[in-house]
Ligand code: SF4
């Protein structure tokens, strides 16, 4: 595991990207509808104005959500701590980078978890190689935009190729 665990979420180093980018529907998890890429009406700066009572206010979905460190990594590594709120011209590229980094971190999570599977030696080596490529790379915005159609696809094909040795929980996550 790297010295800094990229999957550790730190909202204090983010710019409330999940509260901007993600959509949700009114129901048991959220008290109102929110469109994708629309700042949540409960957002105050980079903080949630109802953070200490989210469940009581009808937002258990926000309590349960974890970006796996994608938000803080995008803001700090890709945008050097800048925010779409003070630099509105960055809004679109920050949203795109957050979406790409979520996909990177989702696969880091899966590749780490696959370390517990009884893989053939060549598959275990491939798993380690993919993981190293994702964890050690310093991503740029354009690279994150290309991730899903490139390396993410290679990783998904690797997982599908594991066939029966892949538990259903992994298949569902892909
Ligand atoms: S309710 Fe709070 S945590 Fe949930 S999306 Fe809105 S601002 Fe973010």
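In my numbering, the protein residues as written are -10 to 163. Quick reminder that beta carbons are idealized off the backbone N, C-alpha and C, glycines included.
Residue i CB to nearest heavy atom of ligand 1 below 8 Å
| i | result |
| --- | --- |
| residue 120 | no |
| residue 48 | yes |
| residue 38 | yes |
| residue 31 | yes |
| residue 5 | yes |
| residue 43 | yes |
| residue 108 | no |
| residue 123 | no |
| residue 95 | no |
| residue 23 | yes |
Residue i, buried or exposed, once every other Cβ within 10 Å from all chains shown has been counted against 16
| i | result |
| --- | --- |
| residue 26 | exposed |
| residue -9 | Legend: pLDDT at residue -9 = 48, less than 50; position of this residue unreliable, value from coordinates given subsequently. Burial call: exposed. |
| residue 139 | exposed |
| residue 146 | exposed |
| residue 121 | exposed |
| residue 70 | exposed |
| residue 149 | exposed |
| residue 162 | exposed |
Coarse secondary structure for residue i, derived from DSSP in three states
| i | result |
| --- | --- |
| residue 154 | helix |
| residue 38 | coil |
| residue 1 | helix |
| residue 33 | strand |
| residue -9 | With a pLDDT of only 48 at residue -9, under the threshold of 50, the placement of this residue in the model should not be trusted, and no figure is reported. |
| residue 95 | helix |
| residue 19 | coil |
| residue 48 | coil |
Min CB distance residue i to chain B below 9 Å
| i | result |
| --- | --- |
| residue 155 | Of the chains in the structure shown, none is chain B; there is only one protein chain. |
Reference residue i, options the options, closest by Cα
| i | options | result |
| --- | --- | --- |
| residue 19 | -2, 40, 47 | 47 |
| residue 103 | -5, 94, 117 | 117 |
| residue 11 | 54, 73, 149 | 54 |
| residue 9 | -5, 51, -6 | 51 |
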